[in-house]
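Note sheet for the following structure.
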């Protein structure tokens with residue numbers, strides 16, 4: 024079963040970052056193809072997107088812990104991220120709460136990627152796979 028979970032954004036710091044992203048996107052609203060224009064300007068808002076991901080990562084950690092504590096012990100979860108710091112926050116937050124994870128980002132060697140994937144698949148104690156979007160499927 025695949026689920027996406029909306030996370031509440033209520034703190035002032037996150038609201039300020041969202042406002043900054045909105046301000047960065049405003050010029051694209053009048054463009055004939057706003058999605059293409061925004062995609063072409065990825066670098067223009069990349070730092071805001073990274074900061075938002077970092078802020079949400081701690082909320083995701085708490086959500087995952089709650090889910091794992093309140094579900095079957097054989098339940099496993101997949102988490103994906105874009106920015107390395109977000110992945111590290113997820114990994115460190117879960118590891119700090121004694122939740123065993125498999126982790127792949129761009130710094131993980133091809134051999135270790137295979138090991139991490141197998142660990143998640145075969146080890147019942149490894150309940151969370153954390154993978155960087157652009158690297159988790161590579162071998």
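In our numbering, the protein residues as written are 24 to 162. Yeah, the Cβ is synthetic: ideal placement off N, Cα and C, and Gly gets one too.
- Residue pairing by DSSP places residue 155 opposite 104 in a beta bridge.
- Per DSSP, residue 94 lies in no alpha helix (DSSP H) and is assigned neither H nor E.
- According to DSSP, residue pairing for residue 125 in a beta bridge involves 152.
- Counting C-beta pairs closer than 8 angstroms gives three or more between the stretch 140–153 and the stretch 88–103, which meets the contact rule.
- Bounds of any alpha helix (DSSP H) do not take in residue 99, whose DSSP letter is neither H nor E.
- The residue from 85, 76, 96 with its alpha-carbon nearest to that of residue 148 is 96.
- Looking at the backbone, the Cα of residue 109 and that of residue 53 are separated by about 32 angstroms.
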